[in-house]
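Read the structure below first, then the notes.
There are 2 protein chains.
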Amino acid sequence: MEEKPLPAYTEKQQQIISAAERLFASKGFDGTSVREIAQEAGVNLAMISYYFGSKEKLLEAIFDERIIYFRTELESVINDPKIEPLKKVYQLLDKLVDRNFERSCFHRIMIREQIDSPNKNEFIQKMILESKKRTQELVKKIIHEGQEKGVFKKNIDISLMMMTLFGTINQMTTTQHFYQEINGLQHLTTEELQTRLKKKLRIHIKTLFKAILTNEN
Amino acid sequence: MEEKPLPAYTEKQQQIISAAERLFASKGFDGTSVREIAQEAGVNLAMISYYFGSKEKLLEAIFDERIIYFRTELESVINDPKIEPLKKVYQLLDKLVDRNFERSCFHRIMIREQIDSPNKNEFIQKMILESKKRTQELVKKIIHEGQEKGVFKKNIDISLMMMTLFGTINQMTTTQHFYQEINGLQHLTTEELQTRLKKKLRIHIKTLFKAILTNEN
DNA sequence: TTAATAATTAAACATTCGTTTAAATTTGCG
DNA sequence: CGCAAATTTAAACGAATGTTTAATTATTAA
Chain A
153 MEEKPLPAYT EKQQQIISAA ERLFASKGFD GTSVREIAQE AGVNLAMISY
203 YFGSKEKLLE AIFDERIIYF RTELESVIND PKIEPLKKVY QLLDKLVDRN
253 FERSCFHRIM IREQIDSPNK NEFIQKMILE SKKRTQELVK KIIHEGQEKG
303 VFKKNIDISL MMMTLFGTIN QMTTTQHFYQ EINGLQHLTT EELQTRLKKK
353 LRIHIKTLFK AILTNEN
Chain B
153 MEEKPLPAYT EKQQQIISAA ERLFASKGFD GTSVREIAQE AGVNLAMISY
203 YFGSKEKLLE AIFDERIIYF RTELESVIND PKIEPLKKVY QLLDKLVDRN
253 FERSCFHRIM IREQIDSPNK NEFIQKMILE SKKRTQELVK KIIHEGQEKG
303 VFKKNIDISL MMMTLFGTIN QMTTTQHFYQ EINGLQHLTT EELQTRLKKK
353 LRIHIKTLFK AILTNEN
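This is the structure:
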């Protein structure tokens, strides 16, 4: 008697969500009109208010829909006590990088929302804060485990480490066309570029965190 | 017969520029109306078109005014051959961090513009690209010097290193209120928080780059 | 002082914005 | 089928947008 985990949004609503997601990502929330969203989704203008209530609520629906994907996915790896701490960190890093490339539109929206003054959309700010707390707790747990096993250094400032972690990933997300230009990679298609960047980023971040966390070379 | 380096903008124009800068930073370009800017600057609405031509041109004027501050300032340190490479890197990092905190509004605007699709405002995208290229060349020079002197590792991917550098700094700029919340620092004033963050960030980044660049512990 | 130029203003401009309406169509169900 | 609810539509809403206008005031220089 299997019950699907309730789709919550119909196909048409998902069309709107993903159209809005694409547009918000590239032009920003205020830079995108409801009419553009309707056109991109192939849907009548009024359907957006009809289904979501308002443009603002639509943005919140996007967060509602996407940020769940965040929670569940990470926590799985962590609780296996057999895997050694550094490997766990590596797994986590890979997951973070993959998630970022797979959901790049949503990530760009999230980055934008973080720049906004905290009173812009408090509902969304709360969601982001919750997600950050959760991830930080997770990371803290892995790090402490590694420290207790004597594999990781003491005195690691986890908040700052997270700044570098998400900072690096976000910077890659937001500035990839600059990267492409500076490194003379204009001949690559977007997909080719992304594949290359993902591979490089995975390695880079692992090297980085090995250096931060351990004493080995 | 000393000539001032021509102010280019009158006092009133600078009022408008810095008012717009503040608003664009916290609400975004599209999220800020010309009327808001006029009010924040204590100036009649029409003055903005009168002086700058349009809202878009005003944004470009902000870049014109601020990005110069970028060029000149960094290059000074680098050409002293007596200073050892790691110290040069440290000096550069300190300058970058300071610059970011001193001009935090403009930096937030720059970060936003980088997220936008490249065809949003091509003039500004060009300016950012130029600035990035310039900084990267500078960094490359210092790193290579350190590599030739045998102080730094070989095989350093400078582009990725820059991702981590600016990623970390930008992440700090954009998420400091989340940092404040997560670390229970709500009792601090904005200035107290900033002072603390600046100090921490300076140390963090130096530690980070020592680990990336050298083999010491 | 006076005439020309610059700065400033309030008002109006045409567009676009997000949202609502009311009618038309489709769907689900007895 | 036939009716009620849900969906879809084109049109309209008022408010807000960026920009311009034309009249007024302030400044400059001869």
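Chains as they are written, first to last, in my numbering: chain A, 153 to 369; chain B, 153 to 369.
Ideal Cβ placement from N, Cα and C applies to all residues, glycine included.
Just so it is clear, the structure is predicted and the values come from calculations on it, not from any experiment.
Along the alpha helix (DSSP H) that carries B/TYR161, what are the first and last residues, could you check? Working through the second sequence from its first residue, we reach residue 161 of chain B at position 9. Unbroken run through B/TYR161: none, as it is neither H nor E.
Locate the alpha helix (DSSP H) running through A/SER206, then write down its first and last residues. For the purposes of this step, residue 206 of chain A is taken as residue 54 along the first sequence, with counting starting at 1. From DSSP, A/SER206 is part of no alpha helix (DSSP H); its letter is neither H nor E.
Just mark B/PHE215 as buried or exposed, buried being the case when its beta carbon has 16 or more other beta carbons within 10 Å. Here residue 215 of chain B corresponds to residue number 63 of the second sequence, with the count starting at 1. So B/PHE215 ends up on the buried side.
If you check the beta carbons only, do A/LYS247 and A/LEU226 fall under 7 Å apart? Counted from its first residue, the first sequence places residue 247 of chain A at position 95. Counted from its first residue, the first sequence places residue 226 of chain A at position 74. Yes.
Report the option in A/ILE168, A/LEU197, A/GLU265 and A/GLU300 whose CA atom is closest to the CA atom of A/PRO233. To locate residue 233 of chain A, count along the first sequence from 1; it is residue 81. A/PRO233 has its Cα closest to that of A/GLU300, out of A/ILE168, A/LEU197, A/GLU265 and A/GLU300.
Any heavy atom of the ligand MG inside 6 Å of the beta-carbon of A/LYS305? This structure simply doesn't include the ligand MG, nor any ligand for that matter.
In the DSSP assignment, find the alpha helix (DSSP H) that holds A/PHE253 and state where it starts and stops. In the first sequence, the residue the question calls residue 253 of chain A occupies position 101. Run containing A/PHE253: 237-254, per the alpha helix (DSSP H) assignment.
Where B/THR184 falls: helix, strand or coil (DSSP): Taking the first residue of the second sequence as 1, we reach residue 184 of chain B at position 32. Of the three classes helix, strand and coil, the one that applies to B/THR184 here is coil, per DSSP.
Of the residues A/ASN271, A/LYS164 and A/PRO237, which one's Cα is nearest the Cα of A/LEU197? Here residue 197 of chain A refers to the residue found at position 45 of the first sequence. It is A/LYS164.
Does the contact criterion of 3 or more C-beta pairs under 8 Å hold for the region 250-268 of chain B versus the region 183-190 of chain B? no
B/LEU245 versus A/GLN166 - alpha carbon distance: On the second sequence, residue 245 of chain B is found 93 positions in, with the first residue counted as 1. On the first sequence, residue 166 of chain A is found 14 positions in, with the first residue counted as 1. Taking the straight line from one Cα to the other gives about 45 Å.
Which residues, in order along the region 249-276 of chain B, keep a beta-carbon less than 8 Å from a beta-carbon of chain A? ARG260, ILE263, ARG264, GLN266, ILE267, ASP268, SER269, PRO270 and LYS272
Are the C-beta atoms of A/SER178 and some chain B residue less than 7 Å apart? Position 26 of the first sequence, counting from 1, holds the residue named residue 178 of chain A. True, the Cβ-Cβ gap to chain B drops below 7 Å.
Please list, in chain order, the chain B residues whose beta carbon lies closer than 7 Å to that of A/GLY183. By one-based count along the first sequence, residue 183 of chain A stands at place 31. Neighbours of A/GLY183 on chain B, chain order: ASP182.
How should B/ALA160 be labelled, buried or exposed, when 16 other C-beta atoms within 10 angstroms of its C-beta is the threshold for buried? What you label residue 160 of chain B is simply residue 8 of the second sequence in a count that begins at 1. Result: exposed.
At least one CB of chain A closer than 7 Å to the CB of B/MET98: is that the case? Since the first and last residues shown for chain B are 153 and 369, residue 98 of chain B lies out of range.
Considering just the uninterrupted stretch of the alpha helix (DSSP H) at A/THR325, what are its terminal residues? The sequence position of residue 325 of chain A within the first sequence is 173, counting from 1. First-last of the alpha helix (DSSP H) with A/THR325: 310-326.
Give the DSSP-derived three-state secondary structure of B/GLN191 in the structure shown. On the second sequence, residue 191 of chain B is found 39 positions in, with the first residue counted as 1. Residue state, collapsed to three classes: helix.
Work out the CA separation of A/THR341 and B/LYS358 for me, nearest whole Å. Residue 358 of chain B sits at position 206 when you count from the first residue of the second sequence. Residue 341 of chain A sits at position 189 when you count from the first residue of the first sequence. Going from the Cα of B/LYS358 to the Cα of A/THR341 covers about 36 Å.
Who are the near neighbours of B/PHE275 in its chain, counting only those whose CB is closer than 7 Å to its CB and skipping five residues on each side? Working through the second sequence from its first residue, we reach residue 275 of chain B at position 123. GLU212, listed in sequence order.
Given B/ASN322, which residues of its chain have a CB within under 6 Å of its CB, disregarding the five upstream and five downstream residues? Position 170 of the second sequence, counting from 1, holds the residue named residue 322 of chain B. The answer, listed in chain order, is ILE263.
Output, in chain order, the set of chain B residues within a Cβ distance shorter than 7 Å of A/PHE318. If you number the first sequence from 1, residue 318 of chain A lands on position 166. Ordered by position in chain B, the residues that pass the 7 Å Cβ test against A/PHE318 are GLN323.
Is the Cβ of B/ALA363 closer than 7 Å to any Cβ of chain A? Reading the second sequence from its first residue, position 211 is the one you call residue 363 of chain B. Judged by the 7 Å Cβ criterion, B/ALA363 is in contact with chain A.
Which residues in the same chain as A/PRO270 place their Cβ atom closer than 6 Å to its Cβ, once the five residues preceding and following it in sequence are excluded? Locating residue 270 of chain A in the first sequence gives position 118, where the first residue counts as 1. Excluding positions up to five away in sequence, the list reads GLN277.
For A/LYS351 and A/ILE168, what's the separation of their Cα atoms in angstroms? Position 199 of the first sequence holds residue 351 of chain A. Position 16 of the first sequence holds residue 168 of chain A. When rounded, the distance between both Cα atoms is 32 Å.
Is B/LYS156 buried or exposed, if buried means 16 or more other CB atoms sit within 10 Å of its CB? By one-based count along the second sequence, residue 156 of chain B stands at place 4. The predicted model places B/LYS156 with a pLDDT of 36, which falls under 50 and marks its position as unreliable; any figure quoted below should be read in that light. B/LYS156 is exposed by the Cβ-count criterion.
B/SER201, DSSP secondary structure in three states: By 1-based counting over the second sequence, the position of residue 201 of chain B is 49. B/SER201: helix per DSSP, three-state reduction.
Measure from the alpha carbon of A/THR325 to the alpha carbon of each residue in A/SER311, A/MET313 and A/LEU345, then state which is nearest. Your numbering for residue 325 of chain A matches position 173 in the first sequence. Comparing Cα-Cα distances from A/THR325 to each of A/SER311, A/MET313 and A/LEU345, the minimum goes to A/LEU345.
Where does A/SER178 sit, in a helix, a strand or coil, going by DSSP? Taking the first residue of the first sequence as position 1, residue 178 of chain A is located at position 26. It is helical.
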